[in-house]
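Visitor: Top line first, the protein sequences correspond to chains A and B. Just so it is clear: in the first sequence, position 101 is 101 by the working numbering, and no numbers are missing. Just so it is clear: in the second sequence, position 9 is 1009 by the working numbering, and no numbers are missing.
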Amino acid sequence: MISAPDVVAFTREEELEDDLYREPPLPEEYSVPLFPFAGHGANPWAKVAGSKFTRDFILISEFSEQVGPQPLLTIPDDAKVSGTFDLNYFSLRIMSVDYQASFVGHPPGSAYPKLNFVEDSKVVLGDSKEGAFAYVHHLTLYDLEARGFVRPFCMAYISADEHKIMQQFQELSAEFSKASECLKTGNRKAFANELEKKLKDLDYTRTVLHNETEAQKRANDKGYYTTQAIEKANELASVEKSIIEHQDLLRQIRSYPYRKLKESEFHPYEPECALGRADAGCDQDPAPSDPAEPGEMHLYTHIPSYTPKLIKAKSAKCFDKKLKTLEELCDVYFFTQTLDQLHHIERTFRGDVCYLLTEQISRALLKQQSVTNFLFEDVSFLDEKPPEKQYRGCQGLGQDAMDGKCLEESLTPKVVVSLGSYKSSVECVPIKMEQEMEDSEEPKMSESVTSEAQENLDYLDADIKGSISSGESIEVLGTEKSGSGLTKSESQASLPVMPSPQAGRSKVGSRRTVSEDSIEVLSTCPSESLIPEDFKASYPSAINEEPYTDNYADNDDEHGLRFAPRLSPGVADEQDDVSKQESLVQVDAACCIGKESPNFLEPLPELGQKPCEEDGVVRIPPQPYRAAEQGLRGGFPAQDGVPGGLLPYELDSRYLSGSREVSKSSLDECSDSTSYISSAASTCSDRTPSPAHPACQAGERHRKRAGQNALRFIRQYPFAHPAIYSLLSGRTLVVLGEDEAMVKKLVTALSIFVPNCGMYTKPVKHWVTSPLHLVDFQKWKLIGLQRTVSPAGVNVLHALSRYSRYLSILDADSKTLRCPLYKGTVVARLADHRTQIKRGSTYYMHVQSILTQLCSKAFLFTFCHHLHLPISEREPEESVVNRRMNFLKLQLGLANEDVKIVQYLAELLKLHYIQEPGRGGSPLLRFDYVPSFLYKI
Amino acid sequence: MLRWLIGGGREPQGLAEKSSVQTVGEEQTRNPYTELLVLKGHQDIVRFLVQIDDCRFASAGDDGIVCLWNAQTGEKLFELHGHTHKITAIAPFSSSDAFEEKRHLIITASADRTVIVWDCTSGRQVQKVSCFHSTVKCLTVLQRLDVWLSGGSDLCVWNRKLDLLCKTSHLTDAVIFRLTDSNNESEGWNVLEVKRLVDHQDNILSLVSVNDLTFVTGSHVGELIVWDALDWTKQASECNFWDSSVHPDVQPEIKLSQSPSETSVQHLTSDEEYVFAAVGKGIYVYNLQMKCVIACQRTAHDSSVLHIEKLPNRQLISCSEDGSVRIWELREKQQLPAEPVPTGFFNMWGFGRANKQANQAAKKMQENTPMYFLELVGDLIGHSSAVQMFLYFGELGLATCSADHLIILWKDGERESSLRSLTLFQKLAQNGDLQLKL
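Below, the structure is given as structure tokens:
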């Protein structure tokens, strides 16, 4: 985890410039500006006061043709959430800015009613009176009984924090698009279903009418038609017309995705083409999900239960008719999927924006460190990858085609298999395309992901100066039409074609673009797995963990800040002892970052430029969007009661890094008064304690518990250091005890120190009752073992003593530890029993940061060519070995046994790197012949 | 330190007690094997390991499966199924250089009375012979004649194409069988009984050919006989060199505790100068010139030594039923002969407490020879059951097979680590990632 508490603050103060000049600069995201508002006694989170709701929520509203705008449901579905906030009023607001042209009925020149396949529109709204800001996603669902067959809906993410909406616009847009596409697909399915039924009805009616007419004809021998007969004939004619109309509708709804695809290919001229292709892009997405369509047909043809009804000639179109509910409009399966997705969104974006940002940045950076990140990162983080791929892939799909021509950029593989599990049959053509795209485009992806942060800056740097007048109660801050244009023939005329912010989007890479039909993703990967999991610990809840201590005060004074100290208490404590080492270490770490940073900064311009080069339309970022960013910039100082007039860049970076700073403060778990207040204040936008995604929560809880247990362990056991050293150096540690709970607790505690061997699971076994074998040591690096007094227990112990050279044994009952000696310094920093850290999650983060340092050292060590291979042909092996040891000891500043830790980690890195992707690689057991010692309390 | 009392001494002292065996301690600076790979593939006892070429070996055992392994990576190359019963013998049979390309074959014999020839490159069964009346217990390849022999209740000679060249009549005497086995080269596909060597009093368990002129046999009761291969005469014999008569200072009652199984010559190996014999739990070094035992380690292991091998660097590896593999080094003795030997032996046999002295006491010298002793350099503990055999691959390491169904590849950790670095940088170069660093 990149949350190093001991990263040196990079301030922008001039006088500090010189000192820091020589060191490689920290990446922009980590720079920490001075907090400019400290003098006002204010805190940066106190800005949103007026909101009437307690936390962010999602509102689904409908513009009902009967009663007008009305709220349908909120997520979370809890009256307390919205509080006194007037949902009806807000629904009115958000529905009144619907940009969709709900153009319906008979278009001129067409005989039959045509369905409009309207794209969603994405709008940011602010209501400063209410203190509410919202990302609003409009969409249209089809309803046979509705006027013009359409029912306008919208989903809104409502937050008191304007910046959150703006900062997270891309992400929100992507997530909501998924939800919307899911809902719409379900709706199409339901609509087609409805049409089928209606057709059956009509067919039946026609038969009945026909029979009646025939009967009348036969009965009528007078040679003239009765009015009755004429009426019947008219009725029959109208039914027949209706049948044709409905058949046409059915055809339209079914061919929806394909049609667009075809159309787009014919577009002759360039900008249109881009748009068209964009269309195609998004439509490819529906296509795989479209499986729904063929599948649907099966479904309805096999519905035997439906008995056709006779349709009255004049169906009553009046207001007493009950409109379908949202549930009825959508296929049940898709409806629940949508709700899941919305819940997922709610959980994802819960919390303070700075936290979200930090988390995103760290995760992106972490993802980038593909060489080392497997070592100590959460399994959950690694697990997250496949879904992440899917997720990107599915967006990628949309973008792929969109970019296919104008950007040779990038998309990630999609897990094709996922489609297979989709419940209806799968169309294969688009899938093939995905496969083709898979390989080439992945690398860039990861880079583009990371450029998000910069991207934000970019927006802010935009040279257009405009600010939002906040006098009006509602401002349309930004609109975005979803990534695809419109189908030319139908909607162009009626819709104002907003220049879509594709430039912006493509900059972000495909990570957060508009996803098109992403149902297959939704249906196959449970939404839990989509949730980014790590870094949640830095959530504001982590603030206030520590009582105020003098350490902090000192540190604070140094920097003249009221922010948290940058060094975590543990480190601070330790500093005197190991200050020398420390400084070395820090230089190294910084150096590392410095080296790497160009890498992740690089892709940005590239990505940004690409669209410009080739596509005239796409490259222009949408005006409103910029304005929005501008508004954010303008609004920020104003709200904080700080004079504006700062250069945009300064302010922006300040803001950005400020937010980072906040998270850092939470990270450092300072609870000095400022951050205490601030944390309280920061929850204005969200007072819920933590992101409550199940998996996430579990991970979070696990981390907290593990951290807590680890803290207890290092306080309780004086021999914690050698035990941890064993784990870090790859020697299996066996925790032996009678009481399962106690053993498991210890194992949990120690598991945070266990390096992962591969991408799979942590090599930790919580509870074993049978004798251990050599194979177990290969597989597990931390084992909880039952001690019994039975004869079987003797075997267990016998195995232990037999394999004692591979093992360190922690006896939980007699509180002894048998393991090799440790005299290094790393573990002392890692596990200081005098640490001031009180909270488990905080300690966990402290551990992670030190482990990250270790990882970077191991990385350097592993990938320095001359440390492992001779410089010249004739160089003897010994000199290489000497060089290696010198590097470890002098350059990396490792003492004694610390060398072994880094060597072990390096070995893991090597194995990981050279491993064939397909093969798991047989696990090695490396060991040393070193004497063990018995430690007692 | 080694015997750490788990659980505060509540459990029986037994496991900490019984060490009459020399131990080396946890610090083994001369033991290069610091990395291991467990190879899983067999479902029953693995009894045989044969080397196919520089980096491949085959394993076979009671489950009737033959596995081919890569000794470097531990990758399983093939799993050869064909035998329905346990495998009783295995021999590599490389085609001679006369052929255009070298073909690696292995021959396996099984208790299902078949012999199968396998191709190691393709992993396919080349040919199968099933006309045996009894289980083939032994396979020998005579490379220079390009024939192979199978021995069971009778002895058959086969050529490469699996034509039966000749066979002997029903054999009952193991002595004869073994001897003809190694001596019928020039018979023109006619196996003749040259001579029946009847000097052993019990079953011969082991035979090793030292050079063209000499071979050595060992029997179940602990006789070791050196034979002249030309005239079939006994050059020397050592019939009870485990005995107190050779080492008069050993207490007489010790002999009582020795059952025949503790004195049987399990395995013999030799270089030009010495014959190394695994006798019972001990290892003995027999000097051919001087015709006497020059060094021994009476209890080299906790139980019978099953296989020993001499390494080029004066080291000796032994494996045993106790599941351990030990590395010994034959060294000249520095100490003065006037050493308090008797107490040492006392300790050795478990009458006294095991202590540091056991180490020195175990070194045994002969009166009139330069004094040698076997020093324990390291031990490899990994198997949970008897280690049946091992195969020394030089730099690639050591493969051991055991009754716990596993094969373990022991490797030099340092070397592996630097190899991995090499691979790493090769891969980096391949991926073009090195460019970024410049």
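Backbone N, C-alpha and C define an ideal beta-carbon position, used for all residues, glycine too. These numbers come from a predicted model, not from an experiment.
Could you give the C-beta distance for Leu-772 of chain A and Ala-799 of chain A, rounded to a whole number, given that I count them as a contact under 8 angstroms?
Guide: Mapped onto the first sequence, residue 772 of chain A falls at position 772. Mapped onto the first sequence, residue 799 of chain A falls at position 799. With a Cβ gap of about 5 angstroms, Leu-772 of chain A and Ala-799 of chain A count as contacting.
Visitor: What residues from chain A crowd round Gln-1028 of chain B, counting only those whose CB sits closer than 8 angstroms?
Guide: Within the second sequence, numbered from 1, the residue matching residue 1028 of chain B stands at position 28. The contacting residues are Tyr-929.
Visitor: Nearest to Gly-1074 of chain B by alpha carbon, out of B:Leu-1424, B:Thr-1400, B:Gln-1426?
Guide: Within the second sequence, numbered from 1, the residue matching residue 1074 of chain B stands at position 74. Taking only the C-alpha atoms, the option nearest Gly-1074 of chain B is B:Thr-1400.
Visitor: In chain order, what residues of the region 771-786 of chain A put their CB closer than 7 angstroms to some CB of chain B?
Guide: His-773, Leu-774, Val-775, Gln-778
Visitor: To the nearest whole angstrom, what separates the beta carbons of Gly-784 of chain A and Val-768 of chain A, a pair I think is in contact under 8 angstroms?
Guide: If you number the first sequence from 1, residue 784 of chain A lands on position 784. If you number the first sequence from 1, residue 768 of chain A lands on position 768. About 7 angstroms separates the CB atoms of Gly-784 of chain A and Val-768 of chain A; that is less than 8 angstroms, so the two are in contact.
Visitor: Rounded to the nearest angstrom, what separates Phe-374 of chain A and Lys-857 of chain A at their Cα positions?
Guide: Along the first sequence, one-based indexing puts residue 374 of chain A at 374. Along the first sequence, one-based indexing puts residue 857 of chain A at 857. C-alpha separation (whole angstroms): 15 angstroms.
Visitor: Check whether the Cβ of Glu-1035 of chain B lies closer than 8 angstroms to any Cβ atom in chain A.
Guide: Along the second sequence, read from residue 1 onward, the residue named residue 1035 of chain B stands at position 35. Interface annotation, Glu-1035 of chain B: in contact with chain A, CB-CB separation under 8 angstroms.
Visitor: Going along the chain, which residues of its own chain have a beta-carbon closer than 6 angstroms to the beta-carbon of Pro-931 of chain A, five neighbours each way excluded?
Guide: Within the first sequence, numbered from 1, the residue matching residue 931 of chain A stands at position 931. Here the set comprises nothing.
Visitor: Take Cys-819 of chain A and list the residues in its own chain whose beta-carbon comes closer than 6 angstroms to its own, dropping the five residues that flank it on each side.
Guide: Position 819 of the first sequence, counted from the first residue, corresponds to residue 819 of chain A. Result list for Cys-819 of chain A: Pro-722, Ser-726, Ser-808, Ser-932, in chain order.
Visitor: Quick one: what's got a C-beta closer than 7 angstroms to Val-585 of chain A's C-beta in the same chain, skipping five residues either side?
Guide: Here residue 585 of chain A refers to the residue found at position 585 of the first sequence. Any answer about Val-585 of chain A is weak, because its pLDDT of 37 lies below 50 and its placement is not dependable; what the coordinates show is given next. Hits under 7 angstroms: Gln-853, Gly-893.
Visitor: Please list, in chain order, all residues of the same chain as Tyr-806 of chain A whose beta carbon is under 8 angstroms from its beta carbon, the five residues on each side excluded.
Guide: Locating residue 806 of chain A in the first sequence gives position 806, where the first residue counts as 1. The residues are Arg-731, Thr-732, Leu-774, Phe-777, Leu-925, Phe-927.
Visitor: Find the nearest neighbour of Val-1115 of chain B within the set B:His-1104, B:Thr-1121, B:Thr-1088, judged by alpha-carbon distance.
Guide: By 1-based counting over the second sequence, the position of residue 1115 of chain B is 115. Answer by Cα proximity: B:Thr-1088.
Visitor: Starting from Arg-1420 of chain B, find everything on chain A with Cβ-Cβ shorter than 8 angstroms and list it in chain order.
Guide: Taking the second sequence and counting its residues from 1, the one referred to as residue 1420 of chain B is at position 420. Think of a sphere of 8 angstroms around the beta carbon of Arg-1420 of chain B: the chain A residues whose beta carbon falls inside it are Glu-907, Lys-910, Leu-911, Ile-914, in chain order.
Visitor: I need the DSSP call for Asn-1368 of chain B, collapsed to helix, strand or coil.
Guide: Mapped onto the second sequence, residue 1368 of chain B falls at position 368. Confidence at Asn-1368 of chain B is low in this model, with a pLDDT of 48, below 50, so the placement of that residue should be treated as unreliable; the coordinate-derived value is given next. Collapsing the DSSP output to three states places Asn-1368 of chain B in coil.
Visitor: Put Asp-776 of chain A into one of helix, strand or coil per three-state DSSP.
Guide: Translated into the one-based positions of the first sequence, residue 776 of chain A becomes position 776. Reduced to three states, the DSSP call for Asp-776 of chain A is helix.
Visitor: If contact means a Cβ-Cβ distance below 8 angstroms, which residues of the region 1375-1398 of chain B contact chain A?
Guide: Gly-1378, Ile-1381, Gly-1382, His-1383, Ser-1384
Visitor: Roughly how far, in whole angstroms, is the beta-carbon of Thr-1140 of chain B from the beta-carbon of Ala-1111 of chain B, given that I think they are within contact range, below 8 angstroms?
Guide: Working through the second sequence from its first residue, we reach residue 1140 of chain B at position 140. Working through the second sequence from its first residue, we reach residue 1111 of chain B at position 111. Thr-1140 of chain B to Ala-1111 of chain B, Cβ: 18 angstroms. No contact.
Visitor: For Lys-198 of chain A and Gly-148 of chain A, I'd like the C-alpha separation in whole angstroms.
Guide: Residue numbering aside, residue 198 of chain A sits at position 198 when the first sequence is read from its first letter. Residue numbering aside, residue 148 of chain A sits at position 148 when the first sequence is read from its first letter. Cα to Cα, the separation comes out at about 16 angstroms.
Visitor: In whole angstroms, what separates the C-alpha of Asp-283 of chain A from that of Gln-70 of chain A?
Guide: Sequence index remark: in the first sequence, residue 283 of chain A carries index 283 (1-based). Sequence index remark: in the first sequence, residue 70 of chain A carries index 70 (1-based). For Asp-283 of chain A, the pLDDT reaches just 37, beneath the cut-off of 50, and the residue's location in the model is therefore unreliable, leaving the point undetermined.
Visitor: Please report the distance separating the alpha-carbon of Met-166 of chain A from that of Ser-159 of chain A.
Guide: In the first sequence, counting from the first residue as 1, residue 166 of chain A sits at position 166. In the first sequence, counting from the first residue as 1, residue 159 of chain A sits at position 159. Computed Cα separation, rounded: 11 angstroms.
Visitor: To the nearest angstrom, how far is it from the Cα of Ala-1229 of chain B to the Cα of Gln-1388 of chain B?
Guide: Within the second sequence, numbered from 1, the residue matching residue 1229 of chain B stands at position 229. Within the second sequence, numbered from 1, the residue matching residue 1388 of chain B stands at position 388. Their backbone Cα atoms lie some 29 angstroms apart in a straight line.
Visitor: Let me check understanding here. Comparing Cα to Cα, which of B:Thr-1214, B:Asn-1211, B:Gly-1218 lies closest to Ile-1204 of chain B?
Guide: In the second sequence, residue 1204 of chain B corresponds to position 204, counting from 1. Comparing Cα positions, the closest option is B:Gly-1218.
Visitor: Go ahead and label Gln-1430 of chain B buried or exposed: buried means 16 or more other beta carbons lie within 10 angstroms of its beta carbon, across all protein chains shown.
Guide: Along the second sequence, read from residue 1 onward, the residue named residue 1430 of chain B stands at position 430. Gln-1430 of chain B is exposed by the Cβ-count criterion.
Visitor: Does Leu-925 of chain A get closer than 8 angstroms to chain E when you measure Cβ to Cβ?
Guide: Looking at the structure shown, chain E is missing, and the protein chains on hand are A and B.
Visitor: Determine, using beta carbons only, whether Tyr-803 of chain A comes closer than 8 angstroms to chain B.
Guide: Here residue 803 of chain A refers to the residue found at position 803 of the first sequence. At least one chain B Cβ lies under 8 angstroms of Tyr-803 of chain A.
Visitor: By Cβ distance, which residues of its chain are closer than 6 angstroms to Leu-1424 of chain B, with the 5 residues on each side in sequence left out?
Guide: Here residue 1424 of chain B corresponds to residue number 424 of the second sequence, with the count starting at 1. Once the five neighbours on either side are set aside, Leu-1424 of chain B has no close Cβ partner at all.
Visitor: Just to confirm the assignment, what range does the alpha helix (DSSP H) spanning Cys-354 of chain A have?
Guide: For the purposes of this step, residue 354 of chain A is identified with residue 354 of the first sequence, where counting begins at 1. It spans 353-368 - the alpha helix (DSSP H) in which Cys-354 of chain A sits, taken as one unbroken run.
Visitor: When we look at the beta-carbon of His-866 of chain A and count the other beta-carbons within 10 Å, is it buried (16 or more) or exposed?
Guide: On the first sequence, residue 866 of chain A is found 866 positions in, with the first residue counted as 1. It counts as exposed.
Visitor: Using a Cβ cut-off of 7 angstroms, pull out every chain B residue sitting near Leu-73 of chain A, in sequence order please.
Guide: Taking the first residue of the first sequence as position 1, residue 73 of chain A is located at position 73. By Cβ distance, chain B contributes nothing, its closest Cβ being about 51 angstroms from Leu-73 of chain A, past 7 angstroms.
Visitor: In terms of residues, what are the limits of the alpha helix (DSSP H) holding Asn-88 of chain A?
Guide: Locating residue 88 of chain A in the first sequence gives position 88, where the first residue counts as 1. That run of the alpha helix (DSSP H) goes 87-95.
Visitor: Quick one: grab the DSSP three-state call for Gly-1025 of chain B.
Guide: To locate residue 1025 of chain B, count along the second sequence from 1; it is residue 25. Reduced to three states, the DSSP call for Gly-1025 of chain B is coil.
Visitor: Counting pairs of Cβ atoms below 8 angstroms between the region 1411-1421 of chain B and the region 819-835 of chain A, do you hit three or more?
Guide: At 8 angstroms Cβ cutoff, the stretches do not touch.
Visitor: Where do the N-terminal and C-terminal ends of the alpha helix (DSSP H) with Thr-842 of chain A fall, by residue?
Guide: For the purposes of this step, residue 842 of chain A is taken as the residue at position 842 of the first sequence. For Thr-842 of chain A, the uninterrupted alpha helix (DSSP H) run begins and ends at 840-863, by DSSP.
Visitor: Locate the alpha helix (DSSP H) running through Asp-127 of chain A, then write down its first and last residues.
Guide: In the first sequence, residue 127 of chain A corresponds to position 127, counting from 1. Per DSSP, Asp-127 of chain A lies in no alpha helix (DSSP H); the unbroken beta strand (DSSP E) holding it starts and ends at 121-127.
Visitor: In the region 1421-1432 of chain B, which residues sit with their C-beta less than 7 angstroms from some C-beta in chain A, listed in chain order?
Guide: Ser-1421, Leu-1422, Thr-1423, Leu-1424, Phe-1425, Lys-1427
Visitor: For a contact defined as C-beta to C-beta under 8 angstroms, what are the partners of Asn-1313 of chain B on chain A?
Guide: Reading the second sequence from its first residue, position 313 is the one you call residue 1313 of chain B. Under the 8 angstroms cutoff, chain A gives no residues; its nearest Cβ is about 18 angstroms from Asn-1313 of chain B.
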